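Enquirer: Here the sequence shown is numbered in UniProt numbering, starting from 1 and rising by one per residue. Just so it is clear, CB atoms sit at the ideal spot from N, CA and C, and this is done for glycine as well. Remember, predicted model here, so these are calculated numbers, not experimental data.
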Amino acid sequence: MSFESYIALRYFTAKKKSPFLSAVVFISMLGVIIGVAALVIVLGVMNGFHTQFRQKILGTSAHAIVLKYHNEPITEAEEIMPRIEQMENVAAAAPFIYSKAIIRNDERADGIAVKGIDPLAEEKVSELRRNITLGTIGLDSSDLPGIVLGVDLAENIRAHLGDTVLLATLQNSPLSGTGFVPKIKKFRVTGIFDSGFYEYNATLAYISIPSAQEMFQLPQALSGIALKLDNMYKAKETSEEIAKSLRYPFRVSHWMDLNKNLFAALQLEKKTMFVILTLIIIVAAFGISGTLIMTVIRKTREIGILRSMGATSRSIMKIFMLEGAFVGSIGVGLGVVLGLILSVLLKRYEFISIPGEIYFIDKLPIELRVSDCLLVAAAALGITFLATIYPAYIASRLAPVEAMRYE
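(1) Go ahead and pull the three-state DSSP assignment for HIS50.
(2) For the region 142–211, list the beta strand (DSSP E) runs that are entirely contained and at least 3 residues long, ordered along the chain.
(3) Relative to the alpha-carbon of ALA94, which residue among ALA64, ASN105 and ILE319 has its alpha-carbon at the smallest distance?
(4) Residues in its own chain within less than 6 Å of ILE394 by CB, not counting five upstream and five downstream?
(5) Around the C-beta of ARG307, are 16 or more other C-beta atoms found within 10 angstroms, so that it is buried, or is it exposed?
(6) Give every residue of the same chain whose Cβ lies closer than 7 Å to the Cβ of GLY33, excluding the five residues on either side of it in the sequence, and list them in chain order.
(7) Over what stretch of residues does the beta strand (DSSP E) that includes ASP110 continue unbroken?
(8) Relative to the ligand MN, is the shortest distance from any of its heavy atoms to the C-beta of GLY287 smaller than 7 Å?
(9) Inspect the CB distances between the region 114–129 and the region 257–266 and report whether three or more fall short of 8 Å.
(10) With DSSP run on the structure shown, which of helix, strand or coil describes PRO391?
(11) Would you please state the rounded distance, in angstroms, between the beta carbons of ILE209 and VAL66? I believe it to be under 8 Å.
(12) May I ask you to verify whether the region 103–121 touches the region 197–207, counting CB pairs closer than 8 Å and requiring at least 3?
(13) Using a Cβ-Cβ cutoff of less than 6 Å, which residues in the same chain neighbour GLY177 once the five nearest sequence positions on both sides are dropped?
(14) Quick check on LYS100: does DSSP put it in helix, strand or coil?
(15) Please state whether DSSP places ASP140 in a helix, a strand or coil.
(16) Please confirm whether GLY191 and GLY135 have their CB atoms less than 8 Å apart.
(17) Between which two residues does the beta strand (DSSP E) carrying LEU227 extend?
(18) Starting from the C-beta of MET273, find all residues in its chain whose C-beta is less than 7 Å away, skip the five residues before and the five after it, and write them out in chain order.
(19) My assumption, with CB atoms under 8 Å, is that LEU153 sits in contact with GLY146. Please give the rounded CB distance.
(20) By how many angstroms is the C-alpha of ARG314 removed from the C-alpha of ILE293?
(21) Comparing C-alpha positions only, which one of ALA121, ALA392 and GLU240 sits nearest to residue 409?
(22) Kindly give me the distance between the Cβ atoms of ALA235 and MET256, rounded to whole angstroms, as I take these residues to be in contact under 8 Å.
(23) Could you have a look at PRO82 and say whether DSSP puts it in helix, strand or coil?
(24) Answer yes or no: do GLY44 and SER343 have a C-beta to C-beta separation smaller than 8 Å?
(25) Who are PHE56's beta bridge partners in DSSP?
(26) Run through the region 291–360 for me and flag every whole alpha helix (DSSP H) of 4 or more residues, listed as ranges in chain order.
(27) Given ALA91, which residues of its chain have a CB within under 7 Å of its CB, disregarding the five upstream and five downstream residues?
(28) Following the continuous alpha helix (DSSP H) through LEU128, name the residue where it begins and the one where it ends.
(29) Terminal residues of the continuous alpha helix (DSSP H) containing residue 408?
(30) Give the secondary structure of LEU67 by DSSP, where H, G and I count as helix, E and B as strand, and everything else as coil.
(31) With which residues is LYS363 paired in a DSSP beta bridge?
(32) Report the residue from HIS254, PRO249, GLU240 and THR169 whose alpha carbon sits nearest the alpha carbon of LEU218.
(33) Go through its chain and collect everything with a Cβ distance to GLU85's Cβ below 8 Å, but skip five positions before and after it.
(34) Just the Cα atoms here: how many angstroms apart are PHE49 and ALA285?
(35) Would you mind sorting residue 408 into buried or exposed? The rule is 16 or more other CB atoms within 10 Å of its CB.
(36) Given a cut-off of 8 Å, decide if LYS183 and THR164 are closer than it, judged by their beta-carbon atoms.
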C-alpha cells in the first residue's frame, strides 16, 4: 500500500470518531447506492420492454410483408411467391388477407381486425400454432367456417369454443336504395390464442383465406404476402432486394420499419431515465465533495505537518481524491449489487403487475445486461471522481507554515 493510500484510508476510517461527518458520509454514500441501484433496475426494465415487444410483435407478425402501393389487392400471388421464396435470406412465405369487421356474439359486439390465412403456410411465418391455448388452428368445421379469436377478444364478447359468432363488414358491399348493405357471415369459434400482446389478443381474429375472400369480396385476390427470414436483423437489406426484384407496383415493409416509432420511443425513454436517475448520483457526489471539504478543514494542521515532512502537493491531492474514491467505490459497488438483487427478485416473484391494455404486456419484464451494469458503474465512478477534484485541489494548495498555525 502506498503512502497516499494509507493516509487516505486512515482519514476515511477516522470519520467514525466524528458523528456529524459520519452522518454526512453515510447520507452521501446512500445517495450513490440508491441512484446506482435505481439505474440498474430501470435499464433492466427498459431492456425487458424492448425485448418483450420485439418477441410479441414477431410472434404474431411476419419479419417482412409484400404489399401493393395504395393497398391494392394482389392477384399475382401464384406467380411471385415462388420467386420470393427462392431469394436469399427468405425462409418461408404465406399469403394473407387483412381487413376490418364487426364481430358479434349474442348482444355483445366489437370492432376487430380480421386476417385471412392459410393455416399450414401461416405456421411457417408466425407462432400462431404455438399461441393457441384452446382448440386448434383449424379453420374448417363441419357446418360453419372456423374462426380463431384472441383471448381478450373472446372474453370481451363472451365467446367460447364451439360458439357461433357473426362477422359484418361494409367493405366492397353493394349499394341499395337505403345505403350500403353489410356483408354478414356466421363463423364457428374453433380456437383461442394468446400472443402475450394485449393489442393483438383484444382486436385480432383469424379466418381462412377462402372465407376472407368471400367475406370481403376479393375473389382470387390477397392483401399481401408475409415472409419469415433466416436472419431477421437483415430485414431491411432483404426487403430492398425483394422490392427491387418485384418492382412497381409492389412494395416491401419489414418489422423494424413497421414498428420504428415504438422502438424509437423505448430508446428515447431509456436515455431519458438514465439522465434523470444520474442526477441522483450527481446530488450524492456533491455530498461527497462537501464531506471532503469539511475533512480538509478539520485536517488542515495535519496537512501542514505532512507538507513539512516532504509530502508534495500532488501527494496531498492524491490522498483526498483516494478518500473520495473510497466512498464512491463502496457506494457504487453496493448500488450495483442491490440493483442486481432487486432485479432478480422482481423478475422471479413478479411483485409488480402492470395493466396490459396500456403497456401491451401484463408483467414487468427485466433483462439485465453486463454492458449496462458496467456503464452505470463507470458513469457513477466518474461522477464521484470528479467530485473529489475541487476539495483535493484546495488541500494541495495549503501552505505548510500557514496550515501548521491553523487551530
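Expert: If we stick to the structure as given:
(1) Working through the sequence shown from its first residue, we reach residue 50 at position 50. If DSSP states are grouped into helix, strand and coil, HIS50 belongs with the helices.
(2) 146–150, 164–169, 183–193 and 204–208
(3) Position 94 of the sequence shown, counting from 1, holds the residue named residue 94. Among ALA64, ASN105 and ILE319, the Cα nearest to that of ALA94 is on ALA64.
(4) As a working note, residue 394 is residue 394 in the sequence shown. So the qualifying residues of the chain are VAL296.
(5) Here the question's residue 307 lines up with position 307 in the sequence shown. With 16 or more other Cβ atoms within 10 Å, it is buried.
(6) The residue given as residue 33 occupies position 33 in the sequence shown. This sequence places Ile at residue 33; Gly is not what is there. Once the five neighbours on either side are set aside, the close Cβ partners of ILE33 are GLY331, LEU334, GLY335 and LEU338.
(7) By 1-based counting over the sequence shown, the position of residue 110 is 110. Looking at the DSSP string, the run of the beta strand (DSSP E) that includes ASP110 is 108–117.
(8) The ligand MN is not part of this structure, which contains no ligands at all.
(9) no
(10) For this step, residue 391 is matched to residue 391 along the sequence shown. DSSP places PRO391 in helix when its eight states are reduced to three.
(11) By one-based count along the sequence shown, residue 209 stands at place 209. By one-based count along the sequence shown, residue 66 stands at place 66. Wrong, their Cβ atoms sit about 15 Å apart, outside the cutoff.
(12) yes
(13) Residue 177 sits at position 177 when you count from the first residue of the sequence shown. Low local confidence applies: a pLDDT of 49 at GLY177 is under 50, so the model's placement there is unreliable, with the coordinate-based value given in what follows. Excluding sequence neighbours, GLY177 sits near nothing in its chain.
(14) As a first step, residue 100 is located in the sequence shown; it is residue number 100 there, counting from the start. Strand at LYS100.
(15) The residue given as residue 140 occupies position 140 in the sequence shown. Strand, per DSSP.
(16) Residue numbering aside, residue 191 sits at position 191 when the sequence shown is read from its first letter. Residue numbering aside, residue 135 sits at position 135 when the sequence shown is read from its first letter. Yes. Within cutoff.
(17) For the purposes of this step, residue 227 is identified with residue 227 of the sequence shown, where counting begins at 1. Note, LEU227: beta strand (DSSP E), 224–229.
(18) Counting from one through the sequence shown, the residue named residue 273 turns up at place 273. Closer than 7 Å at Cβ, skipping near neighbours: VAL42 and MET46.
(19) Residue numbering aside, residue 153 sits at position 153 when the sequence shown is read from its first letter. Residue numbering aside, residue 146 sits at position 146 when the sequence shown is read from its first letter. Not quite, the Cβ-Cβ distance comes to about 15 Å (not below 8 Å), so this is no contact.
(20) Within the sequence shown, residue 293 is the residue found at index 293, counting from 1. Within the sequence shown, residue 314 is the residue found at index 314, counting from 1. Computed Cα separation, rounded: 17 Å.
(21) The chain is shown only over 1 to 407; residue 409 falls outside these bounds and no answer can be derived.
(22) Your numbering for residue 235 matches position 235 in the sequence shown. Your numbering for residue 256 matches position 256 in the sequence shown. Correct: roughly 6 Å between the Cβ atoms.
(23) Residue mapping note: residue 82 aligns to position 82 of the sequence shown, counting from 1. PRO82 falls in the helix class under three-state DSSP.
(24) In the sequence shown, the residue the question calls residue 44 occupies position 44. In the sequence shown, the residue the question calls residue 343 occupies position 343. Going by C-beta atoms, GLY44 is nearer than 8 Å to SER343.
(25) Within the sequence shown, residue 56 is the residue found at index 56, counting from 1. In the sequence as displayed, the identity of residue 56 is Lys instead of Phe. Here LYS56 is not bridged, per DSSP, to any residue.
(26) You should have 300–308, 313–349 and 356–359.
(27) Looking up residue 91 in the sequence shown gives position 91. Here the set comprises LYS228, LEU229 and ASP230.
(28) Working through the sequence shown from its first residue, we reach residue 128 at position 128. Start and end: 128–131.
(29) An answer regarding residue 408 cannot be provided, because it is not within the stretch 1 to 407 covered by the chain.
(30) Working through the sequence shown from its first residue, we reach residue 67 at position 67. LEU67 falls in the strand class under three-state DSSP.
(31) Numbered from its first residue, the sequence shown carries residue 363 at position 363. Per DSSP, SER353.
(32) On the sequence shown, position 218 is the one that residue 218 refers to. LEU218 has its Cα closest to that of THR169, out of HIS254, PRO249, GLU240 and THR169.
(33) Within the sequence shown, residue 85 is the residue found at index 85, counting from 1. Taken in chain order, the residues that qualify are ALA92 and ALA93.
(34) Residue 49 sits at position 49 when you count from the first residue of the sequence shown. Residue 285 sits at position 285 when you count from the first residue of the sequence shown. So the alpha carbons of these two residues sit roughly 30 Å apart.
(35) An answer regarding residue 408 cannot be provided, because it is not within the stretch 1 to 407 covered by the chain.
(36) The count along the sequence shown starts at 1 and reaches residue 164 at position 164. The count along the sequence shown starts at 1 and reaches residue 183 at position 183. Contact flag unset, no.
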